[in-house]
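First up is the structure itself, then whatever we jot down about it.
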Amino acid sequence: MVRRARDRLAWSGPPHAQERSMIGTDRLSNDLAGWLDRTLVQPGILPAERFEEAFVACVASAAKDPDLPDDAWLAFYRNTLDALAGEPEPGGTNAEMAPVHARARSLVLGEEVLELGCCFGFLSLQLARDGHRVTATDLTGGTVDLLTRMAPQLGADVETHVADARAVALPDGCADTVFAVHLVEHLSESDGDEVVGEMLRLARRRVVVAVPFEDEPNPAWGHVRVFDERVLTRIGERTGRPFTVSEHHGGWLVIDL
Numbered sequence: 327m328v329r330r331a332r333d334r335l336a337w338s339g340p341p342h343a344q345e346r347s348m349i350g351t352d353r354l355s356n357d358l359a360g361w362l363d364r365t366l367v368q369p370g371i372l373p374a375e376r377f378e379e380a381f382v383a384c385v386a387s388a389a390k391d392p393d394l395p396d397d398a399w400l401a402f403y404r405n406t407l408d409a410l411a412g413e414p415e416p417g418g419t420n421a422e423m424a425p426v427h428a429r430a431r432s433l434v435l436g437e438e439v440l441e442l443g444c445c446f447g448f449l450s451l452q453l454a455r456d457g458h459r460v461t462a463t464d465l466t467g468g469t470v471d472l473l474t475r476m477a478p479q480l481g482a483d484v485e486t487h488v489a490d491a492r493a494v495a496l497p498d499g500c501a502d503t504v505f506a507v508h509l510v511e512h513l514s515e516s517d518g519d520e521v522v523g524e525m526l527r528l529a530r531r532r533v534v535v536a537v538p539f540e541d542e543p544n545p546a547w548g549h550v551r552v553f554d555e556r557v558l559t560r561i562g563e564r565t566g567r568p569f570t571v572s573e574h575h576g577g578w579l580v581i582d583l
């Protein structure tokens, strides 16, 4: 499997747990993920394997009807995109990711862009708003379905596919620039190399791999590997293509074709 399974986008716990939320829709954003990690997972209160279930429950509980939570998810998306475009709250996940997404957007060559392992699709949505023709893929159908529902309501045209990043059912050279932003740290070394090889097949002009630099893999986020510039350099060397490695709020491997 490539990337952690996110096979649930609905609360599976007791119904009464959804009856009341202390989080209003105005507070829903990707900062919630970082807050849960810092306050519950890292102190050992919430097991890392229950992180995503708790996150989804928090979002759904803010909906008018938790069984139909798209109003809460739309608020989550809008608030996150607004934060990424403005001044995110210091110390939160949005503040951490804003410079990463800004750097990624600056590295696009051409008009057609493909993102592998898009998760909620915040980068893909920003790229679409920038005027690019964007295709977003993720392994988890529920996540892709959510992005497919949210994108039109956010005024973004994003083509979506459920896909294993090691074997994407799209033709060779289907995009000018192919991204894997905060994906390969979820994978073993061999799976990560397969993803990079697939990116080279799919890209016409540029491949961009971005990773966090961590001392230890963060289990709440499903990370299984750590990276530094030397590791990225070895990946680049194995491709046999011209590449650069740099650091900007994490590590960047850019391969030009």
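Residues in the sequence shown are numbered consecutively from 327, following this note's numbering. Note that the Cβ used here is the ideal one computed from N, Cα and C, for glycine as well. Keep in mind that this is a model prediction, so the values were computed, not measured.
Less than 8 Å between the CB atoms is what I'm expecting for residue i and residue j, so what's the real figure, rounded?
i: alanine 506; j: valine 494; result: Between valine 494 and alanine 506 the Cβ distance is about 11 Å, and since that is not below 8 Å, they are no contact.
i: leucine 372; j: leucine 358; result: Going by Cβ atoms, the distance from leucine 372 to leucine 358 rounds to 13 Å, so no, they are not a contact pair.
i: glycine 562; j: leucine 583; result: In fact, because the Cβ distance is near 13 Å, the residues do not count as touching under 8 Å.
i: proline 414; j: asparagine 420; result: 4 Å
i: alanine 501; j: glutamate 438; result: 5 Å
i: alanine 389; j: leucine 410; result: With a Cβ gap of about 22 Å, alanine 389 and leucine 410 do not count as contacting.
i: isoleucine 581; j: arginine 567; result: 5 Å
Using a Cβ-Cβ cut-off of 6 Å (strictly less than) and excluding sequence neighbours within five positions of residue i, which residues of its own chain qualify?
i: valine 434; result: Thr503
i: threonine 486; result: Ala462, Val470, Leu473, Thr474
i: glycine 481; result: none
i: arginine 527; result: Asp498
i: leucine 453; result: Val439, Val460
i: arginine 532; result: Leu435, Thr503, Asp582
Which partner residues does residue i have in the DSSP bridge list?
i: valine 582; result: A small correction: the amino acid at residue 582 is aspartate; valine does not occupy that position in the sequence shown. According to DSSP, which records beta bridges pairwise, aspartate 582 is partnered with Arg532.
i: glutamate 573; result: Gly577
i: valine 507; result: Ala536
Considering only residues of the same chain and omitting the five flanking positions on each side of residue i, which have a CB-CB separation below 7 Å?
i: alanine 374; result: Val367, Pro545, Ala546
i: alanine 430; result: Leu449, Phe505, Val507, Val534, Ala536
i: cysteine 384; result: Ile349, Leu358
i: valine 426; result: Val507, Ala536, His575, Gly576
i: glutamine 479; result: Leu400
i: valine 557; result: none
i: isoleucine 418; result: The amino acid at residue 418 is misidentified as isoleucine; the sequence shows glycine. Closer than 7 Å at the Cβ level, and outside the excluded window around glycine 418, lie Asp357, Gly360.
Kindly say whether residue i, judged by its beta-carbon, lies nearer than 7 Å to any beta-carbon of chain D.
i: phenylalanine 569; result: You won't find chain D in this structure, because it holds only one protein chain.
Excluding the five sequence neighbours on either side, which residues of its own chain have a C-beta within less than 8 Å of the C-beta of residue i, listed in chain order?
i: aspartate 585; result: The displayed coordinates of the chain run from 327 to 583. Any statement about residue 585 would go beyond what the structure contains.
i: phenylalanine 539; result: Val552, Phe553, Asp554, Glu573, Gly576, Gly577
Taking one C-beta from the region 546-553 and one from the region 498-518 each time, how about it: are there three or more such pairs within less than 8 Å? yes
Which runs of the alpha helix (DSSP H), 4 residues or longer, sit entirely within the region 430-503? 448-455, 467-479
Taking contact to mean 3 or more Cβ pairs, one atom from each stretch, closer than 8 Å, check whether the region 348-356 and the region 386-400 are in contact. yes
Note down, one range per segment and in chain order, each alpha helix (DSSP H) of at least 4 residues found wholly within the region 354-428. 357-362, 377-387, 396-411
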